[in-house]
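Going line by line, the protein sequences match chains A and B.
Just so you know, we're using the numbering used here here: the first sequence kicks off at 1 and counts up by one.
Just so you know, we're using the numbering used here here: the second sequence kicks off at 1001 and counts up by one.
Here the structure is laid out as C-alpha cells; the discussion comes afterwards.
There are 2 protein chains.
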Amino acid sequence: MLLYNSPVSGNCYKVRLLLAHLGIPYERRDLDVVDRSNRGAVLAGLNPDLRVPTLVLDDGRPIAESGAILWYFGEGTRFVPEDSYDRAKVLQWMFFEQYSHEPAIAVVRFLVAYSGEPAKHAELIERKTADGYRALVAMEDHLASADGYLVGERLSLADIALYAYTHVADEGGFDMRPYPAIGAWLERIASERGHVPIDA
Amino acid sequence: MLLYNSPVSGNCYKVRLLLAHLGIPYERRDLDVVDRSNRGAVLAGLNPDLRVPTLVLDDGRPIAESGAILWYFGEGTRFVPEDSYDRAKVLQWMFFEQYSHEPAIAVVRFLVAYSGEPAKHAELIERKTADGYRALVAMEDHLASADGYLVGERLSLADIALYAYTHVADEGGFDMRPYPAIGAWLERIASERGHVPIDA
C-alpha cells in the first residue's frame, strides 16, 4: 500500500496518524509541498484533484481526500462509532474541518511558515487568520461542554481530522491561550496510546 | 423534523433532493441568504458553524454540514454503496465538492447572481472562476470514462452532492459547453424518478 505524502501536510498526517493507531503498514512517497509542478504527472489517474494525500491500495485502486481515506480504514474500528447519529456527527466535524477550519488555519500556517514569502500574502493571511479564529471558537465552545472528545467519550476520526492542523496552528501565528478546552483536548489526543507526532 | 434552509443554497438543495428521493417528510424554516445577522440567534446550539443546512431530528438532536446530513439519511439506502471501497469513493467526491468545487463555483454564483454587488467582488470572482473551471475539468475527465455516475452505475450521494451547484454553475457565468460528459450526467440525474428541482 502506497501513500503519496507530504511530511508537513496535516491532511497527510491525519492518514499517517490513523494508520499508526491501527497498526497498518504502508510505504510513503513524499511530494514537494512548495514545488507542485510534478503533481499532474505523478497523481494523474489516481486523484482527480491532484493533491496529497492519495493512497493506492495493494490491488492498485486509489483513494483520494483525507476524509475518505480515514473513513475507508476507520469503518468497523473503534474510530467510527456504531451509532448512526454519532457517525453523522463524526462526519459533521470532518466536513467542518475541510470547509471552515483547514482552508483558514492550514493555509495561514503554510503561508507564514512554509511558503518562503509571507509578506507577499499579508492581506490573505490577515483574512484567513480571522476565519481561523472563528473555527477555533466553534471548537472551543463545543469542547468546553463535551465529554473529552469531539463526539462521545473516546477518540474518533473527528478528533484525528481536527487534531492535524489545530495542534500546529501556532506555526501560523494563532494564539491558542484563549482556548483552554482545545488545549486540554490536544493534550488528551497526544497522550493516547499509539499516537505518533506529525514528524514521525 | 425541521430543516433550517435557504431556497437558493445548493448545500440545502442536496438535503432536500435526497429527502425527496427517500420520501421523508420534514418542515422547512427559511433563513435569508444575504442578511445573515440572525443566524447566531437561530442556529446557536444547533450548528457550531452557524450555517444552513442544519437539520433538527424529531427528538431535538441537530445535524450540521450537508455531507453529514446526506450520510445520516443515505446510509442503508440505495444512495450509499454496500462495498466499502465504493463508499470511500462516494465520500471522496463529497469531500472534493466541499473543498475544491463549492468554495469556487458556489461562491462565484452567489457573488454574481445573489450578492447584489458583483462589481465590488470582481477580483475574487475572477480567481474563484479559475478554481471552478479546474473542478469542472476534474469532473469532466472522470465522467468521460465513468459508468454514467460518479461512483458505479447508479445514483449515489456523490451525484446528489455535486449536482447541486454544478447544475446552476451557469448562473455564475460558467460556460458549460466544453464539458459534454458533465452535461449528459446532469441530464441523467434530472431525469431520475423522484428528482425535484432546486426551486421545488
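Ideal Cβ placement from N, Cα and C applies to all residues, glycine included.
Residues that DSSP places opposite residue i in a beta bridge
i: alanine 1041(B); result: Alanine 1041(B) pairs with nothing; no bridge assigned.
i: aspartate 199(A); result: DSSP output for aspartate 199(A) lists no bridge partner at all.
i: asparagine 1005(B); result: Asp1030(B)
i: threonine 1054(B); result: Tyr1004(B) and Ala1064(B)
Beta-carbon proximity list for residue i, same chain, < 8 Å, skipping 5 on both sides
i: tyrosine 133(A); result: Phe174
i: serine 1115(B); result: Val1034 and His1121
i: leucine 1057(B); result: Met1001 and Ile1063
i: isoleucine 1024(B); result: Met1001 and Phe1073
N-terminal and C-terminal residue of the beta strand (DSSP E) that residue i is part of
i: proline 62(A); result: 62 to 64
i: threonine 1166(B); result: Unbroken run through threonine 1166(B) is the alpha helix (DSSP H), 1157 to 1166; no beta strand (DSSP E).
Start and end residues, alpha helix (DSSP H) containing residue i
i: aspartate 141(A); result: 122 to 143
i: arginine 16(A); result: 10 to 22
i: serine 1084(B); result: 1084 to 1096
i: isoleucine 1182(B); result: 1180 to 1190
Same chain, Cβ closer than 6 Å to residue i, neighbours up to 5 away in sequence not counted
i: tryptophan 185(A); result: Leu143
i: alanine 1250(B); result: The structure shown does not extend to residue 1250(B), since chain B is modelled only from 1001 to 1200, so the question has no answer here.
i: glycine 1172(B); result: Val1108, Arg1109 and Val1112
i: isoleucine 1125(B); result: Val1108 and Leu1111
i: tyrosine 1163(B); result: Ile1189
i: histidine 101(A); result: Ala135
i: glutamate 1140(B); result: Tyr1179, Ala1181 and Ile1182
i: isoleucine 1198(B); result: Tyr1013
i: histidine 1021(B); result: Gly1194
Amino acids of chain A, ordered along the chain, whose beta-carbon sits closer than 7 Å to that of residue i
i: glycine 1067(B); result: Leu91 and Phe95
i: glutamate 1075(B); result: Ser84
Proximal residues of chain B, C-beta to C-beta of residue i below 8 Å
i: isoleucine 63(A); result: Tyr1085, Ala1088, Lys1089 and Gln1092
i: tryptophan 71(A); result: Arg1087, Ala1088 and Leu1091
Spatial neighbours of residue i in its chain, beta-carbon cut-off 7 Å, leaving aside the 5 residues before and after
i: arginine 193(A); result: none
i: isoleucine 69(A); result: Val15, Pro53, Leu55 and Ile63
i: leucine 1155(B); result: Phe1079, Tyr1149, Ile1189 and Glu1192
i: glycine 152(A); result: Pro81 and Asp86
i: serine 1006(B); result: Cys1012, Asp1030, Leu1031, Val1033 and Val1052
i: aspartate 131(A); result: Ala104
i: aspartate 159(A); result: Tyr149, Leu150 and Ile189
i: valine 90(A); result: Val80, Pro81, Val151, Ser156, Leu157 and Ala158
i: proline 1118(B); result: Leu1111, Val1112 and Ile1125
Under 9 Å by beta carbon: chain B residues contacting residue i
i: proline 103(A); result: Tyr1099 and Pro1103
Chain-ordered neighbours of residue i on chain A, where CB pairs are closer than 8 Å
i: glutamate 1192(B); result: By Cβ distance, chain A contributes nothing, its closest Cβ being about 23 Å from glutamate 1192(B), past 8 Å.
Near the ligand MN: residue i beta-carbon under 6 Å from a heavy atom
i: histidine 1101(B); result: As for the ligand MN, it is missing from this structure, which has no ligand bound.
C-beta neighbour in chain D for residue i, strict 7 Å
i: valine 1033(B); result: No chain D appears in this structure, whose protein chains are A and B.
- request: Compile a chain-ordered list of the residues in the segment 1044 to 1059 of chain B whose CB is closer than 7 Å to at least one CB of chain A.
  value: The segment 1044 to 1059 of chain B vs chain A, Cβ under 7 Å: Pro1048 and Asp1049.
message: Using a Cβ-Cβ cutoff of 7 Å, what residues of the segment 134 to 148 of chain A are near chain B? List them in chain order.
response: For the segment 134 to 148 of chain A, the set of positions with a beta-carbon nearer than 7 Å to some beta-carbon of chain B reads Ala138, Asp141 and His142 in chain order.
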